[in-house]
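For the record, the sequence lines run as chains A and B. Numbering-wise, the first sequence is residues 113 to 345 according to this note's numbering. Numbering-wise, the second sequence is residues 32 to 506 according to this note's numbering. Heads up, the beta-carbon is just placed ideally off N, CA and C, and yes, glycines get one too.
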Amino acid sequence: MAEIVRVYIDGKECLAQNGEYLLQAARENGIYIPTLCHYEGVKPKGSCRICTCKVNGRLMTACTTPIAEGMVVENNTAEINEMRKAIIELFFVEGNHFCPTCEKSGDCELQALAYKYQITAPRYPFLFPTKRVVAEYSRIIIDHNRCVLCKRCVRAIKDAEGRSFFAYRRRGQHIEVILDKRMSEQMDYEKALEAEKVCPVGAIMARRIAFTTPVGHRKYDKKPIGSDVEKIK
Amino acid sequence: MGQKITIDPVTRVEGHGKVTLYVNNDGGIEQARFHIVEFRGFERFVQGRPFWEMPVLVQRLCGICPVSHHLAAAKAVDVIVGAGSGDELTPTAEKMRRLMHYGQIFQSHALHFFYLASPDLLFGIDADPAKRNVLYLAQENRDLAYRAILMRKFGQEIILATAGKKIHGTGAIPGGINKHLTIEERDRFLHGNPPFNIDNMIQWSLDTLEFFHQYEQKHRDFLLTYVNFPSNYLSLVRKDGAMDLYHGVLRAVDAEGQKILPDVDYHEYYKYIEEEVRSWSYMKFPYLKMLGQERGWYTVGPLARINTADFIDTPLAQKELELFRSFHGGKPCNHVMHTHWARLIEILHAAEKIKLLLEDPDLLSGELVREGNRQFEGVGLLEAPRGTLFHHYKINEYDQIVQANLIVSTTNNNQAMNNAVLQVAQRVFKGQKKVTEGMTNAIEVAIRAYNPCLSCATHALGQMPIDIEFVDVPR
Ligand code: SF4
Ligand code: FES
Numbered sequence: 113m114a115e116i117v118r119v120y121i122d123g124k125e126c127l128a129q130n131g132e133y134l135l136q137a138a139r140e141n142g143i144y145i146p147t148l149c150h151y152e153g154v155k156p157k158g159s160c161r162i163c164t165c166k167v168n169g170r171l172m173t174a175c176t177t178p179i180a181e182g183m184v185v186e187n188n189t190a191e192i193n194e195m196r197k198a199i200i201e202l203f204f205v206e207g208n209h210f211c212p213t214c215e216k217s218g219d220c221e222l223q224a225l226a227y228k229y230q231i232t233a234p235r236y237p238f239l240f241p242t243k244r245v246v247a248e249y250s251r252i253i254i255d256h257n258r259c260v261l262c263k264r265c266v267r268a269i270k271d272a273e274g275r276s277f278f279a280y281r282r283r284g285q286h287i288e289v290i291l292d293k294r295m296s297e298q299m300d301y302e303k304a305l306e307a308e309k310v311c312p313v314g315a316i317m318a319r320r321i322a323f324t325t326p327v328g329h330r331k332y333d334k335k336p337i338g339s340d341v342e343k344i345k
Numbered sequence: 032m033g034q035k036i037t038i039d040p041v042t043r044v045e046g047h048g049k050v051t052l053y054v055n056n057d058g059g060i061e062q063a064r065f066h067i068v069e070f071r072g073f074e075r076f077v078q079g080r081p082f083w084e085m086p087v088l089v090q091r092l093c094g095i096c097p098v099s100h101h102l103a104a105a106k107a108v109d110v111i112v113g114a115g116s117g118d119e120l121t122p123t124a125e126k127m128r129r130l131m132h133y134g135q136i137f138q139s140h141a142l143h144f145f146y147l148a149s150p151d152l153l154f155g156i157d158a159d160p161a162k163r164n165v166l167y168l169a170q171e172n173r174d175l176a177y178r179a180i181l182m183r184k185f186g187q188e189i190i191l192a193t194a195g196k197k198i199h200g201t202g203a204i205p206g207g208i209n210k211h212l213t214i215e216e217r218d219r220f221l222h223g224n225p226p227f228n229i230d231n232m233i234q235w236s237l238d239t240l241e242f243f244h245q246y247e248q249k250h251r252d253f254l255l256t257y258v259n260f261p262s263n264y265l266s267l268v269r270k271d272g273a274m275d276l277y278h279g280v281l282r283a284v285d286a287e288g289q290k291i292l293p294d295v296d297y298h299e300y301y302k303y304i305e306e307e308v309r310s311w312s313y314m315k316f317p318y319l320k321m322l323g324q325e326r327g328w329y330t331v332g333p334l335a336r337i338n339t340a341d342f343i344d345t346p347l348a349q350k351e352l353e354l355f356r357s358f359h360g361g362k363p364c365n366h367v368m369h370t371h372w373a374r375l376i377e378i379l380h381a382a383e384k385i386k387l388l389l390e391d392p393d394l395l396s397g398e399l400v401r402e403g404n405r406q407f408e409g410v411g412l413l414e415a416p417r418g419t420l421f422h423h424y425k426i427n428e429y430d431q432i433v434q435a436n437l438i439v440s441t442t443n444n445n446q447a448m449n450n451a452v453l454q455v456a457q458r459v460f461k462g463q464k465k466v467t468e469g470m471t472n473a474i475e476v477a478i479r480a481y482n483p484c485l486s487c488a489t490h491a492l493g494q495m496p497i498d499i500e501f502v503d504v505p506r
């Protein structure tokens, strides 16, 4: 039997298995910690920093921090929430996110986070970067205007041999996701839909008729992001 | 140099524009120009986007009649996904879209008549501007204002139930629609607590016509002489000649009622219609090719539709059409102020259509989307509240838009509105030394009859008040 340890999140005593990541432990105890680059079932990467908490007084990403006995965690505090808000705003100004016409609207995690944290306008100036829309792949279109570089597609979308369909190219501010040329030929319709689903925003679009889910029935239309976690008591 | 008068804030037109009057040495008006000074951008920035975004994207150029753009774009991309050229959608898709469209016509016409036009009619063109508005209307005539609000709300709720949102919905998708009507929604519209049900909306539409008739009897001369010039008229009509606001063939008649465009396939509109660019306006001037630039301009909108249609396929509106026709001796009506009458006939027609659709079980169940062989070009036309609306897209092999052309209703009416402005200005400003607010409003009354939407017309991004500018004609 795995060892059970005790951690304190915002003063609440939580029990979880030793070695679990803080994110998971919190969720099992009905506490929501926001995520963006994290994808259930895929090795965490800790790149977006949205899940940052104060662990024993130090800032740590919950998706990559294993818990230990007696940990004291600050999660839903004014200080942490303000920082998360700033991170979300940075995503908005660094890309070109035009929610009104995006097919992921209502299902988009970035948009849902913005609603959750009640962002009306970012505090930073919009950068309006020039980004490409790459449409030459047979099954998908990648709109780099919307990509938040979470690397979920690279980490999660693989063939039977474990080879990734997607990869990063270039570095720094020029970094972008590409679909491997040979792998692109192998990509079938199901894989394309899977990739579209893995992408937290509308950067990966499967080639098909979109907007088929009516407004009011999309994932975050009824309940804000995180409410599925928070209802577990 | 000339005098400049700014009317600010914007007065009861949708969007922002400017009128320049060219004054000659005798103080007469030599030329009048109705400009729209905003920048157009949509045709350019849709390039590169996937075609299936068009119905959701292009409607954003307007917050007044987005449903019309939503549906015209959807009709164009229907062609691209191989879902046929307009009458081959599934019955559910076609009827849901029609319901959405009639809801839009109903609410938009109600908004125009009650909020924008009726203050001029009720209180007079040169009444105190503080009184010439919908708020004063609400004080003076509570019942009328109450109805105005509820009629708009009814139309907007229909849009919500079909498009998913009251403004900028996503209901129409390439090849069909994304939802059915629920039984609860249908029952509420059909049998909701009075006054919020369709039978009552039909009754109120009839009452509004009655209100107009009483007004007309008292102000017959004003309505007939205020703005009045021969024009060609263009609209879609159903193949059998009935009024059809959603789909049909393209017909134009001249001021005498002669058919000058004989029911042609709208997918080839570019064979018949050309657009002229003039340096002083962002709004183009479309004209019928076979008549040339000088004579080929035309009017669209309620008056045009009433003039082109052979009949209306709903009984109450047909009765009213017969009255209209006999009033005008069976000829097209060239009296611009009677556009208000035509608009009220369409409100009634839309309400009757909504009732018929609500009673149709196809709305509640059935296949939503149809697809076929991919095409690389699609044209979609419909009759928006303000008139014929054209959307035309070309795509590449990767599903990206490479070319877009939009001709919106207000653009179609460009020359006609300029003529109306000139006619009124020449009469009102003649021999006047001082320009009064009533005089500038007189010009706006003529423009308002067309219910122009200036942001649509230039696909604008931005705002500006309406200006009237006087310029001395250089010697
Ligand atoms: S394409 Fe989507 S999943 Fe891939 S890195 Fe960008 S945002 Fe993340
Ligand atoms: S979710 Fe933890 S860093 Fe992105």
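Check                                                                                                                                              : Outcome
Given 6 Å as the limit, tell me if residue 148/A has its C-beta closer than that to any heavy atom belonging to the ligand FES.                    : yes
At the 7 Å Cβ level, is residue 91/B part of the contact set with chain A, yes or no?                                                              : yes
State buried or exposed for residue 286/A, treating a residue as buried only when at least 16 other CB atoms are found within 10 Å of its CB.      : exposed
With the cut-off set at 7 Å, would you say residue 143/B and residue 102/B are in Cβ contact?                                                      : no
For the ligand FES, is there any heavy atom lying closer than 6 Å to the beta carbon of residue 153/A?                                             : no
What do you reckon, are the CB atoms on residue 397/B and residue 123/B nearer than 7 Å?                                                           : yes
In chain B, what lies closer than 8 Å to residue 314/A by C-beta?                                                                                  : Ordered by position in chain B, no residue passes the 8 Å Cβ test against residue 314/A, which lies about 10 Å from the chain.
Using a beta-carbon distance below 7 Å, is residue 326/A in contact with chain B?                                                                  : yes
Give a yes or no on whether the C-beta atoms belonging to residue 172/A and residue 253/A are separated by under 7 Å.                              : no
If I follow the unbroken alpha helix (DSSP H) through residue 435/B, where does it start and stop?                                                 : No alpha helix (DSSP H) holds residue 435/B; the beta strand (DSSP E) holding it covers 432-438.
Taking 6 Å as the cut-off, is the CB of residue 177/A close to at least one heavy atom of the ligand FES?                                          : no
Measure the C-alpha to C-alpha separation of residue 182/A and residue 169/A and round it to an integer number of angstroms.                       : 13 Å
Taking Cβ positions, are residue 105/B and residue 81/B nearer each other than 7 Å?                                                                : no
Quick check on the DSSP output: the alpha helix (DSSP H) that includes residue 265/A runs from which residue to which?                             : 264-268
Would residue 128/B pass as a contact of residue 63/B if the rule is Cβ separation under 7 Å?                                                      : no
So, using beta-carbon positions, are residue 229/A and residue 199/A closer together than 7 Å?                                                     : no
Looking at residue 513/B: is its Cβ nearer than 7 Å to the Cβ of residue 121/B?                                                                    : No answer is possible for residue 513/B: it lies beyond the span of chain B, which begins at 32 and ends at 506.
If the cut-off is 7 Å on Cβ atoms, which residues from the segment 429-462 of chain B count as contacting chain A, listed in chain order?          : 429, 430 and 431
The beta strand (DSSP E) with residue 93/A in it runs from where to where?                                                                         : Residue 93/A is absent from the structure shown; chain A starts at 113 and stops at 345.
Which residue spans inside the segment 168-199 of chain B form an unbroken beta strand (DSSP E) run of at least 3?                                 : none
Touch check for the segment 286-299 of chain A and the segment 319-329 of chain A: three-plus C-beta pairs under 8 Å?                              : no
Residue 151/B: buried (16+ other C-beta within 10 angstroms of its C-beta) or exposed?                                                             : buried
Quick one: does the C-beta of residue 287/A sit closer than 6 Å to a heavy atom of the ligand SF4?                                                 : no
Report the three-state DSSP secondary structure of residue 263/B (helix, strand or coil).                                                          : strand
In or out: residue 493/B buried (at least 16 other Cβ within 10 Å) or exposed?                                                                     : Model confidence at residue 493/B stands at a pLDDT of 32, short of 50, so the residue's coordinates are unreliable and nothing is read from them.
Tell me the DSSP secondary structure of residue 98/B in three-state form.                                                                          : helix
When DSSP labels each residue in this structure, what does residue 177/A get in the three-state scheme?                                            : coil
Are there 16 or more other CB atoms within 10 angstroms of the CB of residue 70/B, so buried, or fewer, so exposed?                                : With a pLDDT of 47 at residue 70/B, under the threshold of 50, the modelled position of that residue is not reliable, and no figure is offered here.
Using the beta-carbon of each residue, which ones in chain B are nearer than 7 Å to residue 240/A?                                                 : Chain B residues near residue 240/A: none, gap ~13 Å exceeds 7 Å.
Report the CB separation of residue 434/B from residue 113/B in whole angstroms; it is logged as a contact under 8 Å.                              : With 8 Å as the limit, residue 434/B and residue 113/B do not qualify as a contact, their Cβ atoms being about 19 Å apart.
In the DSSP assignment, the beta strand (DSSP E) including residue 316/B goes from what residue to what residue?                                   : 316-319
DSSP state of residue 227/B, grouped into three classes?                                                                                           : coil
Just checking, does the segment 359-370 of chain B make contact with the segment 308-323 of chain B on the three C-beta pairs under 8 Å criterion? : no
From the DSSP output, read off the bridge partner residues of residue 321/A.                                                                       : None; residue 321/A has no bridge partner.
For residue 417/B, does the count of other Cβ atoms within 10 angstroms reach 16, so buried, or fall short, so exposed?                            : buried
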